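Accompanying notes for the structure given below.
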Amino acid sequence: MKNYIVRVISEQANVIGLACVTTGLVNESCQLHGAYPTACAALGRALTGGALMASLLKMGQRLALKFEGNGPLKKIIVEADYEGNIRGFMGVPEVDLPPRNGKFDVSGAVGKEGVLTVIKDTGRKELYNGVVKIRTGEIAEDIAYYFAESEQIPTAVALGVYMEPSLEITAAGGFLVQSLPPSDENMIDRLIENIRKLPSYTQMIRSGQAPESILEAIFSGIPYVTLERHELFYRCTCSRERIEKILVSLGREELADMIEKQGRADVTCEFCRKRYSFNGDELGKILADLQGIKKTA
Numbered sequence: 135m136k137n138y139i140v141r142v143i144s145e146q147a148n149v150i151g152l153a154c155v156t157t158g159l160v161n162e163s164c165q166l167h168g169a170y171p172t173a174c175a176a177l178g179r180a181l182t183g184g185a186l187m188a189s190l191l192k193m194g195q196r197l198a199l200k201f202e203g204n205g206p207l208k209k210i211i212v213e214a215d216y217e218g219n220i221r222g223f224m225g226v227p228e229v230d231l232p233p234r235n236g237k238f239d240v241s242g243a244v245g246k247e248g249v250l251t252v253i254k255d256t257g258r259k260e261l262y263n264g265v266v267k268i269r270t271g272e273i274a275e276d277i278a279y280y281f282a283e284s285e286q287i288p289t290a291v292a293l294g295v296y297m298e299p300s301l302e303i304t305a306a307g308g309f310l311v312q313s314l315p316p317s318d319e320n321m322i323d324r325l326i327e328n329i330r331k332l333p334s335y336t337q338m339i340r341s342g343q344a345p346e347s348i349l350e351a352i353f354s355g356i357p358y359v360t361l362e363r364h365e366l367f368y369r370c371t372c373s374r375e376r377i378e379k380i381l382v383s384l385g386r387e388e389l390a391d392m393i394e395k396q397g398r399a400d401v402t403c404e405f406c407r408k409r410y411s412f413n414g415d416e417l418g419k420i421l422a423d424l425q426g427i428k429k430t431a
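Each number in our numbering corresponds to the 1-based position in the sequence shown with 134 added.
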């Protein structure tokens, strides 16, 4: 099954619903980072949550999620855009905790204290920043709390990652349902009841259900229309040019010191683990260009 997301709307209930499958991209990300099982479950949930939230944006817009908890993972950062490009990484991918109630102890890995920061780039001069406390460390509940606290939008979120004993991820995905004002209380009660009846999201994916059929179950008895369906990708936007800009941002003194002491620079992208190497001559050219800019400024 491809990684993809479906977005629907019920004008009668004034509710938006999204559901996605992210099994392939979560597998790819965990392999790139060499993530241990619990860390993989946490990253997979965060990547899926980022995909769902980005699909609420408009064309050309993007967002970033930053979980900074007091657990051993230290942090999880995810970036996603409306077009379906997603990337992410963790502070410490070598985290694996004993199961809790038969499930991954994501809460223990992330931590129950800390902050969730949501940054949105909507094309305006200033970025939108929303910061809320981490309530559970389970990812889904914290995203729902962010919407309620920071944007005052009642939201239901479910995220899941299923890993086989062989450590292969065979199911990952989630759904997000938002009630927009004015809301129909009877319709909302029906949605809540429908969601309560659902098995776990990964169980539904493993049984062969697609996002479309999951949304059909969520909106059972409530008329809705499908707005769009598009693919999701684990795709990094790093490039040699962007890494050069990072080196330039170090400043003349630090660059000169790097050339003198190391004679080279090796920079690894945190999102995709691609390594960029710059020899002494290349660093010298960057430094010369930087000095030229400073002299003419």
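Even for Gly, the Cβ is constructed at its ideal location relative to N, Cα and C.
All of these numbers come straight from a predicted model, not from anything done at the bench.
Review point. Are at least three pairs of beta-carbons, each pair with one atom in the stretch 288-305 and one in the stretch 270-278, less than 8 Å apart?
Key: yes
Check your understanding: Looking at the unbroken alpha helix (DSSP H) that takes in Thr156, where does it start and where does it end?
Key -> No alpha helix (DSSP H) holds Thr156; DSSP gives it neither H nor E.
Check your understanding: If you drop the 5 nearest sequence neighbours on each side, which residues of the same chain put their C-beta closer than 8 Å to that of Ile143?
Key -> Val149, Ile150, Gly151, Tyr358, Val359 and Leu361
Practice item. Go to Asp391, then tell me how far its alpha helix (DSSP H) extends in each direction, as first and last residue. Key: Per DSSP, the continuous alpha helix (DSSP H) segment holding Asp391 begins and ends at Arg386 to Lys395.
Practice item. Find out if the Cβ-Cβ distance for the pair Ile253, Tyr262 is shorter than 8 Å. Key: The answer is yes: Cβ separation under 8 Å.
**Study point:** contact_flag[the stretch 302-310, the stretch 202-213] where n(CB pairs < 8 Å) is 3 or more
**Key:** Three or more beta-carbon pairs separated by less than 8 Å are not found between the stretch 302-310 and the stretch 202-213, which leaves the two stretches without contact.
Review point. With 16 other CB atoms within 10 Å as the buried threshold, where does Val313 fall?
Key: Here residue 313 is Ser; the residue named in the question, Val, does not match the sequence. The residue in question, Ser313, is buried, as its Cβ has 16 or more Cβ neighbours within 10 Å.
Exercise for review: Can you give me the start and stop residues for the alpha helix (DSSP H) that Val240 sits inside?
Suggested key: Val240 to Val244
**Study point:** Candidates Gly205, Cys174 and Ile220, of which the one nearest Gln449 by Cα
**Key:** Absent from the structure is residue 449, since the part of the chain shown begins at 135 and ends at 431.
**Study point:** Buried versus exposed, by CB contacts within 10 Å (16 or more), Ala422
**Key:** By the neighbour-count definition (other C-beta atoms within 10 Å, threshold 16), Ala422 is an exposed residue.
**Study point:** the stretch 153-173 contacting the stretch 375-394, beta-carbon criterion three pairs below 8 Å
**Key:** no
Review point. Once you ignore the five residues that flank Val382 on each side, which residues in its own chain have a CB closer than 7 Å to its CB?
Key: Around Val382: Ile420 and Leu424.
Check your understanding: Which residues bound the alpha helix (DSSP H) around Ser347?
Key -> Pro345 to Ile352
Exercise for review: Just tell me which of Pro227, Lys208, Pro233 and Leu197 has its CA closest to the CA of Ile218.
Suggested key: This sequence places Gly at residue 218; Ile is not what is there. Selected option, being the one with the closest Cα: Leu197.
Point to revise | Residues that Val311 bridges to, as DSSP identifies them | key: Gly151 and Ala290
Point to revise | Contained beta strand (DSSP E) runs [length at least 3] in the stretch 164-215, N- to C-terminal order | key: 196-203 and 210-215
Review point. Using the C-alpha atoms, what's the distance from Ile356 back to Arg328?
Key: Reading off the sequence shown, one finds Asn at residue 328, where the question assumed Arg. Approximately 10 Å, taken between the alpha carbons.
Point to revise | Pro227 vs Gly168 beta-carbon contact at 8 Å | key: yes
Check your understanding: Cβ atoms of Gly184 and Gly245: under 8 Å apart, would you say?
Key -> no
Practice item. Express the C-alpha separation of Ile139 and Leu190 in angstroms, rounding to a whole number. Key: 11 Å
Exercise for review: Rounded to whole angstroms, what's the CA-CA distance from Lys428 to Gly385? Just pull it up for me.
Suggested key: With a pLDDT of 48 at Lys428, under the threshold of 50, the predicted position of this residue should be treated as unreliable, and no value is reported.
Point to revise | Through-space distance from Lys192 to Leu389, alpha-carbon basis | key: It is roughly 39 Å from the alpha-carbon of Leu389 to the alpha-carbon of Lys192.
Review point. Alpha carbon to alpha carbon, how far is Ala147 from Glu260?
Key: 33 Å
Point to revise | Between the CA atoms of Asp323 and Met224 - distance to the nearest angstrom | key: Rounded to the nearest whole angstrom, the C-alpha separation of Met224 and Asp323 is 37 Å.
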